[in-house]
Amino acid sequence: MASRIDHEALFIATPSPYLVLGPDLVIIDVNRAYLDATGRTREDLLGRHVFSAFPDNPADPGADGVQNLNASLRRVLTSRKQDTMALQKYDIPVMGQPGVFEERWWSPVNTPVLDRDGQVLYIIHRVEDLTAFVKAHQATAPSGPPVNRHLKETEALEAELYVRARELQRLNEELRQAHTREREVAVTLQEAMLHAPDLAHHAHDVAVRYLPATGSLNVCGDWYDVVDISPDCLALAVGDVIGHGLQAAAVMGMLRSALSAAVRALERPAQALEVLGLYARSVEGALGTTAAQTLVDSRSLLITYSIAGHPPPVLVHPGHGCLLLDGATDPPLGARPQHVPRPQASLSYRPGDTLVLYTDGLIERRGEDIDTGLRRLTDVIVECDRLDTEDFADTILERLDVAGGGRDDIALVVARL
763 MASRIDHEAL FIATPSPYLV LGPDLVIIDV NRAYLDATGR TREDLLGRHV
813 FSAFPDNPAD PGADGVQNLN ASLRRVLTSR KQDTMALQKY DIPVMGQPGV
863 FEERWWSPVN TPVLDRDGQV LYIIHRVEDL TAFVKAHQAT APSGPPVNRH
913 LKETEALEAE LYVRARELQR LNEELRQAHT REREVAVTLQ EAMLHAPDLA
963 HHAHDVAVRY LPATGSLNVC GDWYDVVDIS PDCLALAVGD VIGHGLQAAA
1013 VMGMLRSALS AAVRALERPA QALEVLGLYA RSVEGALGTT AAQTLVDSRS
1063 LLITYSIAGH PPPVLVHPGH GCLLLDGATD PPLGARPQHV PRPQASLSYR
1113 PGDTLVLYTD GLIERRGEDI DTGLRRLTDV IVECDRLDTE DFADTILERL
1163 DVAGGGRDDI ALVVARL
């Protein structure tokens, strides 16, 4: 029965006014109720940018409808979540009377429509026209019959609700700005710690990338590290701290430094992760961190590795497919109540092979299991196996549609062996 429903007819007949926008904020569709509410036709609106169709009233110096709606739509594009706005005064142009605007009050809700990868395909802009309600209760005339007490109390309550709604909108905006400032500080701290590796012997063979999450959450917990142990030995690591913001960035910095020092002193990846696990027990917010530590020895042509709850690195043989380094996996840091030696494995490689380490933000997508993301990654890696490391890294990000960032942080290391 559901398959025979005419959804287009339902949309057109829906009594609430709806406008459908693309990610570029161009009007894609509109229902009859919206046309009735604004006095427009479909030809007036389709294909136009929403703020070209509905600019601010130039005669109102306090007009902030465009600013507020734009901020809400940008939040939807960034967070991919619904955004409910406070009551808005947003005057609209009167058709056939250039320069003339009609006072209007709206209650808007902006809702994203996501594709299978969680990206915003459309934004549904739903409004309710409250102009008549607001005008009826703005003020009573200075002369005329007295208004009964009940009506006065009702008007006072409605006025108070309106004032509180506007105050809530202001406080929410201040909170968003504070959160944005914290995010900017955390990203700056993260980037300062994740400086380009100082490699005397492998500088031309390694590409690194760090992309903070595009939304406000899940930012600044991922890291990478690349260490020249000797002319013939290179250590590569990635990790992911649970949490977000400045705290996650601080914990990330401590764990990254500890693991980098441990692998320099111990060389064996399993021992380095054991030391990191013991250290993590003394750092608030560090438990549950995942990490992958590898050691590449160009004399023996061996990769030795150990993994703490992290997605497996990938070794690609040009023209011969790729392998997942999943033979030495163990739970995240602090997952076991007692210290247990961590596993370690080795495999041989051929000169010209490429090793790829990454964090889960590169492969995880909402609504699918991690194996699907791994298959998608390995398919892309196989196609990139003959590119130089910089192009290799950029192509992975582009092909997985995260070149501009994803829902989570992404750390990526590509090393030509």
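The opening position of the sequence shown corresponds to residue 763 in the numbering used here, with each subsequent residue numbered one higher.
For glycine and all other residues, C-beta sits at the position ideal for the given N, C-alpha and C.
Just so we're clear, the structure is a prediction, and the values are computed from it rather than from any experiment.
Would you mind working out which of the options sits nearest residue i, comparing C-alpha positions?
i, options, result
"Thr-1121", "Pro-1113, Gly-1167, Arg-1112 and Gly-1129", "Gly-1167"
"Val-828", "Gln-859, Leu-787 and Asp-990", "Leu-787"
"Ile-1158", "Arg-971, Pro-860 and Phe-773", "Arg-971"
"Val-1000", "Asp-994, Ser-992 and Ser-1019", "Ser-1019"
"Asp-891", "Val-862, Ala-848 and Arg-766", "Ala-848"
"Ala-898", "Arg-878, Gln-1100, Arg-866 and Ala-1097", "Arg-866"
"Leu-1063", "Leu-1117, Pro-1093, His-1082 and Lys-851", "Leu-1117"
"Ala-799", "Met-1016, Val-856 and Glu-770", "Val-856"
"Val-1176", "Asp-1163, His-1101 and Asp-1115", "Asp-1115"
"Glu-1130", "Arg-878, Phe-863 and His-769", "Arg-878"
"Gln-859", "Gly-801, Leu-876, Ala-833 and Ala-825", "Gly-801"
"Leu-835", "Ile-789, Arg-1128 and Asp-1153", "Ile-789"
"Leu-1038", "Ala-1097, Gln-939 and Ala-825", "Ala-1097"
"Thr-893", "Asn-872, Leu-876, Ile-854 and Gly-861", "Ile-854"
"Cys-995", "Ser-1060, Ile-1125 and Leu-1149", "Ser-1060"
"Ile-1172", "Asp-768, Asp-1133 and Ile-1125", "Ile-1125"
"Thr-1091", "Asp-1150, Tyr-1067 and Val-1142", "Tyr-1067"
"Gly-1083", "Gly-1005, Gly-1015 and Val-1144", "Val-1144"
"Leu-1149", "Gln-939, His-1079 and Thr-803", "His-1079"
Less than 9 Å separating the beta-carbons of residue i and residue j?
i, j, result
"Tyr-1111", "Val-1058", "yes"
"Ile-886", "Tyr-780", "yes"
"Thr-1056", "Leu-1119", "yes"
"Val-754", "Val-1003", "Outside the displayed range of the chain (763 to 1179) lies residue 754, so it cannot be described from this structure."
"Leu-1095", "Ile-1069", "no"
"Ala-975", "Gly-1123", "yes"
"Glu-1029", "Ala-1054", "no"
"Leu-973", "Val-1164", "yes"
"Pro-870", "Tyr-884", "no"
"Trp-868", "Val-838", "no"
"Val-1025", "Ile-991", "yes"
"Lys-851", "Ala-833", "no"
"Phe-773", "Asp-822", "no"
Cβ of residue i less than 9 Å from any chain D Cβ?
i, result
"Ala-1155", "Within the model displayed, chain D is absent; a lone protein chain is all it includes."
What separation, rounded to the nearest whole angstrom, lies between the Cα atoms of residue i and residue j?
i, j, result
"Ser-1044", "Leu-1077", "34 Å"
"Gly-983", "Gly-1071", "15 Å"
"Gly-1135", "Pro-1074", "12 Å"
"Ala-903", "Val-896", "Note that Ala-903 scores a pLDDT of 41, beneath 50, so its modelled location is shaky; the value from the coordinates is reported in the next line. Their backbone Cα atoms lie some 15 Å apart in a straight line."
"Pro-993", "Ala-1023", "18 Å"
"Arg-1161", "Val-968", "20 Å"
"Leu-1174", "Ala-1155", "7 Å"
"Ala-1032", "Val-882", "42 Å"
"Arg-1169", "Leu-1139", "17 Å"
"Ser-814", "Thr-776", "25 Å"
"Ser-1147", "Leu-1085", "The residue asked about is misnamed: residue 1147 is Asp in this sequence, not Ser. Distance between the alpha carbons of Asp-1147 and Leu-1085 is about 13 Å."
"Ser-806", "Asn-793", "A quick correction: the sequence has Asp, not Ser, at residue 806. Approximately 13 Å, taken between the alpha carbons."
"Leu-1179", "Asn-830", "52 Å"
"Val-1102", "Leu-1035", "11 Å"
"Asn-819", "Leu-876", "33 Å"
"Met-1016", "Leu-797", "57 Å"
Indicate the three-state DSSP secondary structure (helix, strand or coil) for residue i in the structure shown.
i, result
"Val-882", "strand"
"Asp-798", "helix"
"Ala-999", "strand"
"Gly-861", "coil"
"Gln-1055", "strand"
"Asp-818", "coil"
"Arg-973", "Residue identity differs from the one stated: residue 973 is Leu in this sequence, not Arg. Leu-973 falls in the strand class under three-state DSSP."
"Tyr-1041", "helix"
"Arg-1267", "Residue coverage of the chain in this structure runs from 763 to 1179, which leaves residue 1267 outside it and unanswerable."
"Ala-1107", "strand"
"Gly-1026", "With the sequence shown as reference, residue 1026 is identified as Arg, and Gly is not the correct amino acid for it. In the structure shown, Arg-1026 sits in a helix (DSSP, three-state: H, G or I)."
"Leu-839", "helix"
"Val-828", "helix"
Would you say the beta carbon of residue i is closer than 8 Å to some non-hydrogen atom of the ligand MG?
i, result
"Met-857", "Ligands in the displayed structure: none, and consequently the ligand MG is not present."
Any contact of the region 1043-1051 with the region 1106-1124, i.e. 3+ C-beta pairs under 8 Å? Contact fails: fewer than three Cβ-Cβ distances are below 8 Å.
Does the region 836-848 come close enough to the region 808-816 to have 3 or more Cβ pairs within less than 8 Å? When Cβ pairs closer than 8 Å are counted between the two stretches, the region 836-848 is seen not to touch the region 808-816, the count staying below three.
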